[in-house]
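First comes the structure, then the notes that go with it.
2 protein chains.
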Amino acid sequence: MENKKNTATVQIKQIAELLGVSSGTVSIVLNGRGDQMRISKTTQKRIQDMAKELKYQPNIYARRLRKSAEEEVPYIIALFWREEYLDDLLGQFLKGLYHMIQQNDLNIELVLQPYDFGNLEKYKSSINSNHFNGAIIGGISNDDQLFLEQNEFDIPIVLIGRDTKKYNSVNIDYYEAGESCANLFFVRNHKTVGLLGLSTKGKSVQLVELAFKETCMERNIHIDTNYISYCAQRDFISGYESAMKILSNEIKPTAIFVMDGRNAGGVLKACKMADLNVPKDIEILVFGDNEYFSYSDPTITTIQQPMVQFAERSLNMILVLIKNKVDIPMIQELTPIFNFRESCGGYTA
Amino acid sequence: MENKKNTATVQIKQIAELLGVSSGTVSIVLNGRGDQMRISKTTQKRIQDMAKELKYQPNIYARRLRKSAEEEVPYIIALFWREEYLDDLLGQFLKGLYHMIQQNDLNIELVLQPYDFGNLEKYKSSINSNHFNGAIIGGISNDDQLFLEQNEFDIPIVLIGRDTKKYNSVNIDYYEAGESCANLFFVRNHKTVGLLGLSTKGKSVQLVELAFKETCMERNIHIDTNYISYCAQRDFISGYESAMKILSNEIKPTAIFVMDGRNAGGVLKACKMADLNVPKDIEILVFGDNEYFSYSDPTITTIQQPMVQFAERSLNMILVLIKNKVDIPMIQELTPIFNFRESCGGYTA
DNA sequence: CTGAAAGCGCTTACAG
DNA sequence: CTGAAAGCGCTTACAG
């Protein structure tokens, strides 16, 4: 019972013992250097067969360690990414990382670990210096943040798109982003607007929402509860249904702020159903961009997080942190990007 | 000059020697167990300072090896993915992988390595059993395939979306896919059709194109060179310009086969410009799906590769191959998915 | 309070 | 044709 060995896996040594040869010989044969080292064909055959039978798997770590005097050891960086955002958003982020790695000829091994919203904790045992040199984490929930804050990690961690005290992060000012959306509606003279939110959301989205609502209040823009609807799913259907609720009010809003791009299609459909022309009767502003928004009909005005910049900055940051332990968290705040298109005009009414 | 040591990195041993303590002590302190092991504060401080000064980086491989008797060693699988496809396509694939890993509780470490089309060769030295247990490779060019075929690799490799003799692969029958697109146009009574291709393309896309053209010929569907245009970029603009060329013919085609979804938006725009109604005047069929196609106006009919299935099958395949060396390449051919929507009707005219 | 030794699994000179 | 030994960088009992 006190067996420390992981008996599930087979090692070269065991094959060697079973066959009565040395482990060096086994290693040579399994690496295909048997002929070169003039190991007898029969010995080679016996070794190959035994390895196959025992389903021998080389231990990559041992091999890499063996080589580490010859090969430069890469930085191993984990990218924890929320499952729901395994889409174009990740694509943009990865492009940013990749181009930066290329340009600066960095030696980085990127380990991608998706996780379910709120379940980051599951990977607790792997977020440490036995596994990675650093971790970039995107899309955490409040629970995930709590988990991070209640634990200590011995590697630098950079959070993407998250406002936090304890950790390094790259983000935008989410409150300000929400404010500027409300202000845009104000400048454009809207008196009654709708908000299409999300029922599952992290702190960043909450901040945008809060700021949007508060600023609407301040600006005397009507946004009663009737005009707020939350999507359970980030998809067309959910966007459609939620928008329909908002549009069922006697007095229609003249603008809607849609908090997730994936709901936008449904909102447009709902407007069409309600016989409202976008943007004449109703303006649509969306948080989160997508290439299709630039040529849909109408094209969609969006505000977006600068994913490529997020990637560049976070990679830079994590490398700095890996090389120099820094005590106070680094926080970089970037500027969100407005893409003014047909569905909602700019800051001139 | 004969120095085998990688002098670029610092080891615990060097810190220990410099400070005149043992490496065990250094290890303990750097792992934060100094107090627990009652190492004097001064020693701790000296060690911390020195480590910081020398920018000590622990060797992850050594650490993991040390732990490998306690922790199960994961399969390390590399995912080589073409830079151009770092988008929703990758997202779908990753979702497939992730769900499969979750469901079967697999212990897999996924290393993501983007590469530029035609430059897979750059990673030659890392595609081996010193680095990974297996590799999944998506989106290769003909040059990349040549590179793979002209070299031997000691780990199993599974190609995604590629028809090849030497390697394991998960794909669809690309020729048949192209055929069925042409047949769809035939059934729908089109006599003159356009083809919007790609100027950079791998063998799979070439096969689709070839099959489409050949089948059109057989079916007596006009598709002269005037009606074929290649996009240099996979984007809106390039799609628009190429479509405009096709539509500049005196006799307009009554259908266009668009070989990359990212060009589709431009094609729709071009049709609008040419005052052609989709689908009344001209039908559009697109290779490659996107969620927006299901609610654009008109919604877009597509044929797509089953990415989620690709992921599941390729992961399964690579695990089988890692565990049991198989001599003949495994090839799984899946069925492409047709999504019939407004822009082009189904097999009934 | 700290050192010396063993060992994780592997490969590679070296010796015979 | 093959074995025994050293060593990659690290951590952890054990000894003192």
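The listed protein sequences derive, respectively, from chains A and Y. Residues are numbered in the numbering used here as their position in the first sequence, beginning at 1, plus a constant of 9. Residues are numbered in the numbering used here as their position in the second sequence, beginning at 1, plus a constant of 9. A virtual CB, placed ideally from N, CA and C, is assigned to each residue, including glycine.
Next item on the list: Name, in chain order, the residues that DSSP records as bridge partners for T201 (chain Y).
Entry: As DSSP reads the structure, T201 (chain Y) sits in a beta bridge with Y:H231.
Next item on the list: Confirm, please, whether the CB-CB distance from N348 (chain A) to D298 (chain A) is below 8 Å.
Entry: Their beta carbons are under 8 Å apart, which means D298 (chain A) touches N348 (chain A) by this criterion.
Next item on the list: Please confirm whether T225 (chain A) and E292 (chain A) have their CB atoms less than 8 Å apart.
Entry: It is Cys, not Thr, that sits at residue 225 (chain A) in the sequence shown. E292 (chain A) is positioned such that its CB atom lies no closer than 8 Å to that of C225 (chain A).
Note to self: As a quick exercise: from Y:K50, Y:E62 and Y:P67, pick the residue whose alpha carbon is nearest that of S36 (chain Y).
What the structure shows: Across the set Y:K50, Y:E62 and Y:P67, the C-alpha of Y:P67 shows the shortest separation from the C-alpha of S36 (chain Y).
Check: Between A:V38, A:L106 and A:Y124, which lies nearest to Y107 (chain Y) when the distance is taken from Cα to Cα?
Finding: The shortest Cα separation from Y107 (chain Y) among A:V38, A:L106 and A:Y124 belongs to A:Y124.
Next item on the list: Quick one: residues in its chain with C-beta nearer than 8 Å to the C-beta of P288 (chain A), no 5 flanking neighbours on either side, listed in chain order?
Entry: So the qualifying residues of the chain are P307, E351, S352, C353 and G354.
Margin query: Can you pull the chain A neighbours of D97 (chain Y), defined as C-beta to C-beta under 8 Å?
Written below: Here the neighbours are D96, D97 and G100.
Notebook entry, point to check: Nearest to S257 (chain A) by CA position, among A:G100, A:K212, A:G203 and A:Q242, is which residue?
Noted result: If we check each option's Cα against that of S257 (chain A), A:G203 comes out closest.
Next item on the list: For chain A, find out if any of its Cβ atoms is closer than 8 Å to the Cβ of Y107 (chain Y); answer yes or no.
Entry: At a cut-off of 8 Å between beta-carbon atoms, Y107 (chain Y) makes contact with chain A.
Check: Y70 (chain A) and S77 (chain Y): beta carbons closer than 8 Å?
Finding: A contact, by the Cβ cut-off of 8 Å.
Margin query: If distances are taken between C-alpha atoms only, which option among Y:R243, Y:D244, Y:I246 and Y:A283 comes closest to K261 (chain Y)?
Written below: When each option's Cα is compared against that of K261 (chain Y), the closest is Y:A283.
Notebook entry, point to check: Taking the C-alpha atoms as reference points, what is the distance between F194 (chain A) and L98 (chain A)?
Noted result: The C-alpha of F194 (chain A) lies about 26 Å from the C-alpha of L98 (chain A).
Margin query: Counting only Cβ pairs nearer than 9 Å, list the residues of chain Y close to Q66 (chain A).
Written below: Those are V82, Y84, N142, I331 and K332, listed as they occur along chain Y.
Check: By Cβ distance below 7 Å, which residues in the same chain neighbour P165 (chain Y) in space, the five residues on each side in sequence not counted?
Finding: Closer than 7 Å at the Cβ level, and outside the excluded window around P165 (chain Y), lie G143, N177, I327, L330 and I331.
Notebook entry, point to check: beta strand (DSSP E) containing Q122 (chain Y): first to last residue?
Noted result: Counting along the chain, Q122 (chain Y) sits inside the beta strand (DSSP E) bounded by residues I117 to Y124.
Checklist line | V335 (chain A) - DSSP class collapsed to helix/strand/coil | finding: Three-state DSSP puts V335 (chain A) in coil, outside helix and strand.
Margin query: Going by DSSP in three states, A25 (chain A) sits in which element: helix, strand or coil?
Written below: In the three-state DSSP reduction, A25 (chain A) falls in the helix class (H, G or I).
Notebook entry, point to check: What number of angstroms, rounded off, separates the C-alpha of N333 (chain A) from the C-alpha of K61 (chain Y)?
Noted result: Between the alpha carbons of N333 (chain A) and K61 (chain Y) lies a distance of about 7 Å.
Margin query: Closer than 8 Å is the cut-off here; do at least three beta carbon pairs connect the stretch 84-103 of chain Y with the stretch 80-88 of chain A?
Written below: Because the criterion of three Cβ pairs below 8 Å is not met, the stretch 84-103 of chain Y and the stretch 80-88 of chain A do not touch.
Note to self: Less than 8 Å between CB atoms is the rule here; does P123 (chain A) satisfy it with respect to chain Y?
What the structure shows: Yes, because at least one Cβ of chain Y sits closer than 8 Å to the Cβ of P123 (chain A).
Margin query: Under DSSP, the alpha helix (DSSP H) around I395 (chain A) begins and ends at which residues?
Written below: For chain A, the structure presents residues 10 to 358; residue 395 (chain A) sits outside this window and is missing.
Margin query: Any beta carbon from chain A within less than 8 Å of L119 (chain Y)'s own beta carbon?
Written below: Yes, L119 (chain Y) counts as interfacial toward chain A.
Note to self: DSSP three-state label for Q20 (chain Y), please.
What the structure shows: Three-state result, Q20 (chain Y): coil.
Next item on the list: State the Cα-Cα distance for the pair Y301 (chain Y) and I86 (chain A), rounded to the nearest angstrom.
Entry: Answer to the nearest angstrom: the Cα atoms are 33 Å apart.
Note to self: Please state the DSSP three-state secondary structure of T344 (chain Y).
What the structure shows: Under the three-state reduction of DSSP, T344 (chain Y) is assigned to coil, being neither helix nor strand.
Check: Straight-line CA distance for T234 (chain A) to I255 (chain A)?
Finding: Answer to the nearest angstrom: the Cα atoms are 9 Å apart.
Next item on the list: Could you list which residues in chain A have their beta carbon closer than 9 Å to that of T18 (chain Y), in chain order?
Entry: Residues of chain A passing the Cβ test: S77, E81 and V82.
Next item on the list: Let me know the secondary structure DSSP gives Y236 (chain Y) once reduced to three states.
Entry: Three-state result, Y236 (chain Y): helix.
Note to self: For chain A, check one thing: does any of its Cβ atoms lie closer than 8 Å to the Cβ of E250 (chain Y)?
What the structure shows: Taking Cβ atoms only, chain A never reaches closer than 8 Å to E250 (chain Y), which makes this a no.
Next item on the list: Tell me whether L39 (chain Y) sits in a helix, a strand or coil according to DSSP, three-state version.
Entry: Three-state DSSP puts L39 (chain Y) in a helix.
Note to self: Please confirm whether A71 (chain A) has its beta-carbon closer than 8 Å to some beta-carbon of chain Y.
What the structure shows: Residue contact with chain Y for A71 (chain A): present (Cβ-Cβ distance below 8 Å to some residue of chain Y).
Next item on the list: Anything in chain A within Cβ reach of L63 (chain Y), meaning under 9 Å, just list it in chain order.
Entry: Correct list: empty, because the minimum Cβ distance to chain A is about 11 Å.
Margin query: Contact criterion: CB-CB distance below 8 Å. Does F245 (chain A) meet it with respect to chain Y?
Written below: Yes - at least one Cβ of chain Y is within 8 Å of the one on F245 (chain A).
Margin query: Can you give me the C-alpha to C-alpha distance between I232 (chain A) and A264 (chain A), rounded to a whole angstrom?
Written below: If I take the Cα positions, the gap works out to 11 Å.
Notebook entry, point to check: chain Y beta carbons: is any one of them nearer than 8 Å to that of L28 (chain A)?
Noted result: False, the Cβ-Cβ gap to chain Y never drops below 8 Å.
Item checked: chain Y contact residues for K278 (chain A), given Cβ-Cβ distances below 8 Å -> Under the 8 Å cutoff, chain Y gives Y304.
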